[in-house]
Structure formats: structure tokens, C-alpha cells
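**Q**
Residue numbers (this note's numbering): 2 to 247.
Take a look at the structure:
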């Protein structure tokens, strides 16, 4: 009976993620972000790049961190037309930990403080044979390890941002998915091997999104008292900040 109830709660929660109620918060309610430094990873595919657009409209300094410079520059130009403000390109390939390190070093050579880190990029249903530069599953390596490493490297800037933030907090937002409800973690599948070969690209994606939730919760648990607000979010099925690690 307990197992049945647990299963029903899981299914009900997943349905709630697929069909959420109307939002009670609008970007117009955001405070002025003058002087706040932010990073958004990935290129948002939806019109107007809503996450970066909202930050720019409220006067934040926005770094768009992605590996495809041409597409980033196109997005930056469109955002400039719509907001009158320029985002800054930051080269970042989340599938390469050495690239992640270079990106963090480049950012901290320009900025001493970071107030908002939006771990928003990701890949979805990559072919199973695709691996990261370090040999990890492409989806787990990009969606989870890349953002984990980036956050760890930027921790000094986040803590410095906390000290200059009006409310004494900084924020780390990690984009997950309703797919997080569909799988847990198979530790033997993170790199090439028999366990990974038995898993479909869809299952590997679900695993990465579950890991994003775990990462966000652990970051909140370990750094919450130090002024870091860490959450994971499901961007939704209809109006989403869909991104690509490009």
C-alpha cells in the first residue's frame, strides 16, 4: 500500500509539472538590478530570449555564456534592439571541463562579483555514442558536470556578490525538467560501459535532469547559510526558456 501511494504521489506531482497553474509572478515585478552581475548559460531558443531579456530590462550586467559565438552575437544584437542594452559574450563549452575553467577564469578577470548564475544550457537526447572531452556521457557531462564545475569555480565571485547584495543573498538557478521524475542515478552509466549501453538517450537525459535537482538541493543545503539561494526549476511545456549548449 505504501509503495502504491508513493507511486501515485510521484505521478500526480509529474502531472502537476506538465500542467502547472498560472504563474503568480511576472517579470515586471523584478526589482532594479543596476550593478548586479549575472551569467546565463546557453542560447535561449524562444522569441526574445526571455531570461536574458528580463535581466537586461532591469539593468543587470548580463554575460551570455555559450560555445557558439555567431549565434550568441545574433542573440545579443536582437536583445540590444529590444532592450537598448548589450549582453556580453563569454565562450563556454560545457562538454569540456578545460573550457569551463577558461570561461570561469575569463569572467573573474573582468568581474570580482557575481550575483545571479543561471545554469540554463543543456543538451537533450544526444546519441548514446556521444561523449564529452573527458569521456563522460554527453548529456550528464554537459547538463550536470559542466554546470557543477562552473559553479564551484565561480564560488569566490558568488560569495563576493553576496557581500555587496542589498538583501545579503545571491542566486544560483539550475534548469531541470519534469523528466527528473522519471529516473534516478545509475553511477555506472556516467562513462562508457555496459550499464550505459543498456540505457536509451531518453533515460540518460532523465538521469541528468534528476541530477540537476540533486545538485541544486545540495548546494542549498551546504551554502544556504552562507547567503546562496539555490533552486532547480522546470521551465514548463508551453512557454519555456529552451536553451542549447551551442
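Backbone N, C-alpha and C fix where the C-beta goes; we use that ideal spot for every residue, glycine too.
1. Using a Cβ-Cβ cut-off of 6 Å (strictly less than) and excluding sequence neighbours within five positions of residue 62, which residues of its own chain qualify?
2. Any idea what DSSP makes of residue 224, helix, strand or coil?
3. Going straight from the alpha carbon of residue 102 to that of residue 117, what length do you get?
4. Does the beta carbon of residue 85 sit closer than 8 Å to a beta carbon anywhere in chain B?
5. How long is the line joining the alpha carbons of residue 49 and residue 71, rounded to whole angstroms?
6. Can you give me the Cβ contacts of residue 191 inside the same chain, cut-off strictly under 7 Å, excluding the 5 residues immediately before and after it?
7. Look up residue 184 in the DSSP assignment and say whether it is helix, strand or coil.
8. At 4 residues or longer, what runs of the alpha helix (DSSP H) sit wholly inside the segment 187 to 216?
9. Would you report the Cα separation of residue 233 and residue 224, rounded to the nearest angstrom?
10. Under the DSSP definition of a beta bridge, which residues are partnered with residue 120?
11. Can you list, in chain order, the residues of its chain whose CB lies under 6 Å from that of residue 172, leaving out five sequence neighbours each side?
12. Within the segment 91 to 177, note down every full alpha helix (DSSP H) run reaching 4 residues or more, in order along the chain.
13. Within its chain, find whatever has a CB closer than 6 Å to the CB of residue 64; leave out the 5 residues flanking it on each side and keep chain order.
14. Return yes when the Cβ of residue 34 is within less than 8 Å of the Cβ of residue 60, no when it is not.
15. Tell me the DSSP secondary structure of residue 39 in three-state form.
16. Can you give me the C-alpha to C-alpha distance between residue 154 and residue 30, rounded to a whole angstrom?
17. For the segment 97 to 114 against the segment 142 to 162, do three or more pairs of beta-carbon atoms, one drawn from each stretch, fall closer than 8 Å, so that the two count as touching?
18. Do residue 216 and residue 176 count as a contact pair if the criterion is CB distance below 8 Å?
19. Classify residue 53 as helix, strand or coil using the three-state DSSP reduction.
20. Go ahead and pull the three-state DSSP assignment for residue 66.
21. Can you tell me the Cβ-Cβ gap for residue 129 and residue 202, rounded? I've got them flagged as a contact below 8 Å.
22. Can you list, in chain order, the residues of its chain whose CB lies under 7 Å from that of residue 107, leaving out five sequence neighbours each side?
**A** In short:
1. Translated into the one-based positions of the chain shown, residue 62 becomes position 61. 38.
2. Along the chain shown, read from residue 1 onward, the residue named residue 224 stands at position 223. Helix.
3. Taking the chain shown and counting its residues from 1, the one referred to as residue 102 is at position 101. Taking the chain shown and counting its residues from 1, the one referred to as residue 117 is at position 116. Between residue 102 and residue 117, the C-alpha separation is close to 18 Å.
4. Reference to chain B is not applicable here, since this structure consists of a single protein chain.
5. Here residue 49 is taken as the residue at index 48 of the chain shown, counted from 1. Here residue 71 is taken as the residue at index 70 of the chain shown, counted from 1. In this prediction, residue 49 scores a pLDDT of 48, lower than 50, which makes its location untrustworthy; the coordinate-derived value is nonetheless stated afterwards. Each residue's alpha carbon lies about 17 Å from the other.
6. As a working note, residue 191 is residue 190 in the chain shown. Counting only Cβ-Cβ distances below 7 Å, and skipping sequence neighbours, we find 137, 138, 141.
7. In the chain shown, residue 184 corresponds to position 183, counting from 1. Coil.
8. 195 to 198
9. Translated into positions along the chain shown, residue 233 becomes position 232. Translated into positions along the chain shown, residue 224 becomes position 223. Going from the Cα of residue 233 to the Cα of residue 224 covers about 15 Å.
10. As a position in the chain shown, residue 120 is number 119, starting the count at 1. Note: residue 120 sits in a beta bridge opposite 175.
11. Here residue 172 corresponds to residue number 171 of the chain shown, with the count starting at 1. Contacts found: 117, 230.
12. 98 to 111, 147 to 154, 156 to 165
13. Against the chain shown, residue 64 aligns to sequence position 63. Excluding residues within five positions, the ones whose Cβ falls inside 6 Å are 40, 89, 91.
14. Locating residue 60 in the chain shown gives position 59, counting from the first residue. Locating residue 34 in the chain shown gives position 33, counting from the first residue. Cβ atoms of residue 60 and residue 34: closer than 8 Å.
15. For this step, residue 39 is matched to residue 38 along the chain shown. Three-state result, residue 39: strand.
16. Working through the chain shown from its first residue, we reach residue 154 at position 153. Working through the chain shown from its first residue, we reach residue 30 at position 29. Straight-line Cα distance between these residues: approximately 31 Å.
17. yes
18. One-based indexing of the chain shown puts residue 176 at position 175. One-based indexing of the chain shown puts residue 216 at position 215. For residue 176 and residue 216, no; Cβs fall outside 8 Å.
19. Within the chain shown, the letter at position 52 stands for residue 53. Of the three classes helix, strand and coil, the one that applies to residue 53 here is helix, per DSSP.
20. Reading the chain shown from its first residue, position 65 is the one you call residue 66. In this structure, residue 66 counts as strand in the three-state DSSP scheme.
21. For this step, residue 129 is matched to residue 128 along the chain shown. For this step, residue 202 is matched to residue 201 along the chain shown. At roughly 6 Å, the Cβ-Cβ gap stays under 8 Å, so residue 129 and residue 202 are in contact.
22. Here residue 107 is taken as the residue at index 106 of the chain shown, counted from 1. The answer, listed in chain order, is 91.
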